[in-house]
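Take a look at the structure below.
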Amino acid sequence: MTPMNCSLHNSLVEISIATLLILEFVLGLLGNAIALWSFTSNLKVWKPYAVYLLNLVIADLLWSVCLPFQITFYLMHKKWDLGQTACCILTFLLSLSRTSSIAFLTAVALDRYLRVVHPRFKINSFSTQAAKIISALVWLLVVGLVHPSLVASMIEKNATECHSFYPMEDITFGSTWQEVVFYLQFLLPFSLILFCNIRIIKILQQRLRDQDKQPKLQKSMVLVTIVVVLFGICFLPSFLARIFMTILQRSKSCWTLQVMVHTCDVTNSFTYLNSVLNPVVYCFSNPVFRYSYRKVFNTIRGKRKESQPQGFDLKVSG
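First residue of the sequence shown? That's 4 in this note's numbering, and the numbers climb one at a time after it.
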């Protein structure tokens, strides 16, 4: 319970978060819209790797669609006027987009790992149709993990605030389940991606004398390293803040509660950077995306048309 006469609001923090969210919304929507255009207009050959990236784009665009509501929430000093149902829907969509984005980032890293470390595994010969089925199963799994009924059980009735990512004081099945999902969706993917990166680096060191394989191995290592860095920047602060908030949420100190809530709000806003930074993954995956981004930015700046790169398909290196 919050001590009496203890305000957990801070106008400066809330306006700062809203400003950051506006930047994330604009940049994330632009970057992922260009990536989606690259898939629909420029992609000539579809392969499993491309399917996972496309689903990552869809998850990030869904995330961007939710951001205007979060922006309004902070601009209104964390007052929610749209009712419990809208709060449940927003919380579900944010959880769905975040968890699915993490899942497909992990799929990208695992794909690199299997092709580099275990090139003879049958999974590397999966067809595009099989990748689509896997992607559909991932979406179904994520929906099951963040089911709307479980989200609804976390929302207080007649609440004027919609704190979708705060630990709940009242222990219910829904709140406990969402806490477990929150921690697992960071710990499990991050551990897998870190493992993949370490193994790829070891393989790269073992094949230092094989100059023909160096470019492909280095490209895979850079790509997986980028995913590790993205996790660290976007999700690690929120993960740590959530741990401290869970431990200290019953504190009677007003100052402690204020710091805890503001830290949680700020670190939650960092998670949305994921949709802004994911285009870096696309750019390192293939020249198609680098060409698309340069073409759009050069058009905005009024520069001449850029020549199309050779090999204009999403080829997966082995």
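Where is the CB? At the ideal position from N, CA and C, for every residue including glycine.
What is the DSSP secondary structure of residue i, reduced to helix, strand or coil?
| i | result |
| --- | --- |
| Val-29 | helix |
| Pro-71 | helix |
| Arg-115 | helix |
| Lys-205 | helix |
| Asn-45 | helix |
| Gly-321 | Note that Gly-321 scores 40 on pLDDT, short of 50, meaning its location in the model is unreliable; the coordinates nonetheless yield the value given after this. Coil, per DSSP. |
| Phe-315 | Residue placement at Phe-315 is flagged as unreliable, the pLDDT there being 43, under the threshold of 50; a coordinate-derived value is accordingly withheld. |
| Phe-124 | coil |
| Met-79 | coil |
Exposed or buried, residue i, counting other C-beta atoms within 10 Å across all chains shown (16 or more means buried)?
| i | result |
| --- | --- |
| Trp-258 | exposed |
| His-80 | exposed |
| Ala-62 | buried |
| Phe-95 | buried |
| Thr-270 | buried |
| Gly-147 | exposed |
| Pro-192 | buried |
| Ala-89 | exposed |
| Arg-118 | buried |
| Arg-245 | buried |
| Val-149 | buried |
| Met-4 | Bear in mind that the predicted position of Met-4 carries a pLDDT of just 47, short of 50, making it unreliable; the figure below should be weighed with that in mind. It counts as exposed. |
| Phe-300 | exposed |
| Thr-302 | exposed |
| Leu-233 | buried |
| Leu-85 | exposed |
| Thr-102 | buried |
Would you check if the distance between the CB atom of residue i and the CB atom of residue j is smaller than 7 Å?
| i | j | result |
| --- | --- | --- |
| Val-225 | Ser-41 | no |
| Val-54 | Ala-110 | no |
| Ser-241 | Thr-274 | yes |
| Val-230 | Ala-112 | yes |
| Leu-24 | Gln-87 | no |
| Leu-1 | Ser-100 | The structure shown has nothing for residue 1, since the chain only spans 4 to 321. |
| Tyr-285 | Ala-106 | no |
| Phe-247 | Phe-189 | no |
| Leu-32 | Ser-67 | yes |
| Thr-131 | Pro-51 | yes |
| Leu-78 | Ala-21 | yes |
| His-265 | Asn-45 | no |
| Ser-138 | Asn-35 | no |
Do you know offhand how far residue i's Cα is from residue j's?
| i | j | result |
| --- | --- | --- |
| Leu-97 | Leu-15 | 24 Å |
| Ile-196 | Thr-228 | 9 Å |
| Ser-278 | Leu-70 | 11 Å |
| Gly-235 | Lys-125 | 32 Å |
| Phe-76 | Phe-129 | 44 Å |
| Arg-293 | Phe-287 | 8 Å |
| Cys-199 | Asn-281 | 18 Å |
| Glu-182 | Val-262 | 21 Å |
| Val-120 | Lys-205 | 9 Å |
| Ile-385 | Ser-256 | Because residue 385 is not part of the residues shown, which for the chain are 4 to 321, the question remains open. |
| Leu-207 | Gln-252 | 46 Å |
| Asp-114 | Ser-272 | 29 Å |
| Leu-243 | Arg-202 | 26 Å |
| Val-60 | Leu-93 | 19 Å |
| Cys-165 | Trp-142 | 25 Å |
| Leu-140 | Leu-187 | 18 Å |
| Ser-104 | Lys-298 | 26 Å |
| Trp-49 | Leu-26 | 32 Å |
| Leu-317 | Ser-254 | With a pLDDT of only 43 at Leu-317, under 50, the local geometry of the prediction cannot be trusted, and the value read off the model is given with reservation. Answer to the nearest angstrom: the Cα atoms are 53 Å apart. |
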